[in-house]
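K.L.:
The structure under discussion is supplied below as structure tokens; questions concerning it will follow.
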Amino acid sequence: MELHGIVLGTVDFGESHRIVHMLTVEEGRLSLLARGGRASRKRFAGALDRYIGLRMQARAGRGLWTLAAADVVNARLGLRQELARLTRASLLCECVRKLVPERQRAPEFLALFGDALDGLDRGEIIAAAGAYPRLLAAAGISPDLSHCHRCGGVDPPAVVVNPTSGEVDCADCAGAQGAVAAVVLAGARLPADLAEADAVEANTLAVVTAHCGAEPLPKHGP
Numbered sequence: 008m009e010l011h012g013i014v015l016g017t018v019d020f021g022e023s024h025r026i027v028h029m030l031t032v033e034e035g036r037l038s039l040l041a042r043g044g045r046a047s048r049k050r051f052a053g054a055l056d057r058y059i060g061l062r063m064q065a066r067a068g069r070g071l072w073t074l075a076a077a078d079v080v081n082a083r084l085g086l087r088q089e090l091a092r093l094t095r096a097s098l099l100c101e102c103v104r105k106l107v108p109e110r111q112r113a114p115e116f117l118a119l120f121g122d123a124l125d126g127l128d129r130g131e132i133i134a135a136a137g138a139y140p141r142l143l144a145a146a147g148i149s150p151d152l153s154h155c156h157r158c159g160g161v162d163p164p165a166v167v168v169n170p171t172s173g174e175v176d177c178a179d180c181a182g183a184q185g186a187v188a189a190v191v192l193a194g195a196r197l198p199a200d201l202a203e204a205d206a207v208e209a210n211t212l213a214v215v216t217a218h219c220g221a222e223p224l225p226k227h228g229p
């Protein structure tokens, strides 16, 4: 079967194999066994690196699929030119992995994820951060921005998301540090600068952490 998707990550398996985690058009998020993918430099020739877009030939299995062949359709080499781009791509990738169930088609997630990675590949960090509110909306977990959870203030202009509850506090109640403009977290406009991009990223990670019941996702450094 031909599959098309983006590499989310890999794990070494045995002495010579590799398990590849993918987000695909046809089957959603799934894992494939790349036999010889760890030992052979020729068979997959760098095609299994994270964030790469692939066209694959694969066989379905009860658990793991088997990856027979893979061709690179989008290498996204620009991501590897700057540590900041790679770090942001990693956070984006982890959000997608937590939000998309296995073996469930998620074309909207794939499109948003691919567009954001392409933006980072071009160095468009602010534009790429604009994908976060849309990812939350696609997952159905956008935070309620209509009022502050603590004081009840209506339509707070800036908010901070509680990573335990997923609820929002206004900047006055939570303290200005880490606050993001509500219109940005709602996806009504793009971040205005890198500081606002960082804020929407951090608050999105707080929403994902609250709803997925997982350990807090790592934040990137300065």
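Numbering (our numbering), first residue to last: 8 to 229.
The beta carbon of each residue, even a glycine, is placed where N, CA and C say it ideally should be.
Small disclaimer: the values here were computed from a predicted structure and weren't measured.
Taking the alpha-carbon positions, what's the D78 to A138 distance?
P.N.:
So the alpha carbons of these two residues sit roughly 27 Å apart.
K.L.:
Determine whether the beta carbon atoms of N81 and G53 lie at a separation below 7 Å.
P.N.:
For N81 and G53, no; Cβs fall outside 7 Å.
K.L.:
Quick one: grab the DSSP three-state call for T94.
P.N.:
Note: T94 maps to helix in three-state DSSP.
K.L.:
Which residue marks the beginning of the beta strand (DSSP E) containing V80, and which one marks its end?
P.N.:
Taken as a continuous stretch (DSSP letters only), the beta strand (DSSP E) holding V80 covers 72–81.
K.L.:
So V187 packs on A206, CB below 8 Å; how close in whole Å?
P.N.:
Correct: roughly 4 Å between the Cβ atoms.
K.L.:
Could you tell me the boundaries of the beta strand (DSSP E) in which C177 lies?
P.N.:
It spans 175–177 - the beta strand (DSSP E) in which C177 sits, taken as one unbroken run.
K.L.:
Does DSSP classify D19 as helix, strand or coil?
P.N.:
Strand, per DSSP.
K.L.:
Tell me the residue span of the alpha helix (DSSP H) that contains I133.
P.N.:
Element bounds for I133: 132–136.
K.L.:
Could I get the ranges of all uninterrupted alpha helix (DSSP H) runs contained in the region 183–213, with 4 residues as the minimum, in chain order?
P.N.:
Segments of the alpha helix (DSSP H) lying fully in the region 183–213: 189–192.
K.L.:
Beta-carbon within less than 7 Å of G160's beta-carbon, same chain only, minus the 5 sequence neighbours each way: which residues are those?
P.N.:
Only H154, C177 meet the Cβ criterion.
K.L.:
Straight-line CA distance for G21 to R50?
P.N.:
Their backbone Cα atoms lie some 17 Å apart in a straight line.
K.L.:
Three or more C-beta pairs closer than 8 Å, one from the region 89–98 and one from the region 123–141: is that the case here?
P.N.:
Verdict: yes, contact present.
K.L.:
Taking contact to mean at least 3 C-beta pairs separated by less than 8 Å, is the region 66–74 in contact with the region 24–41?
P.N.:
As far as the Cβ criterion goes, the region 66–74 touches the region 24–41, which means the pair count is three or higher.
K.L.:
Let me check understanding here. Comparing Cα to Cα, which of L127, C102, D151 lies closest to G85?
P.N.:
Per the Cα distances, L127.
K.L.:
So, using beta-carbon positions, are I170 and A217 closer together than 7 Å?
P.N.:
Per the sequence shown, residue 170 should be read as Pro rather than Ile. A contact, by the Cβ cut-off of 7 Å.
K.L.:
Buried or exposed for P140, please, with buried defined as at least 16 other CB atoms from any protein chain shown within 10 angstroms of its CB.
P.N.:
By the 10 Å Cβ count, P140 comes out buried.
K.L.:
Give the secondary structure of Q88 by DSSP, where H, G and I count as helix, E and B as strand, and everything else as coil.
P.N.:
Three-state result, Q88: helix.
K.L.:
To the nearest angstrom, report how far apart E115 and V14 are at their CA atoms.
P.N.:
Approximately 16 Å between the Cα atoms of the pair.
K.L.:
Return the chain-ordered list of same chain residues with a C-beta closer than 7 Å to the C-beta of A65, the five sequence neighbours on each side being excluded.
P.N.:
Within the same chain, A65 has close Cβ partners M8, L10, L39, W72, T73, L74, A75.
K.L.:
Could you have a look at I13 and say whether DSSP puts it in helix, strand or coil?
P.N.:
Here I13 sits in strand by DSSP.
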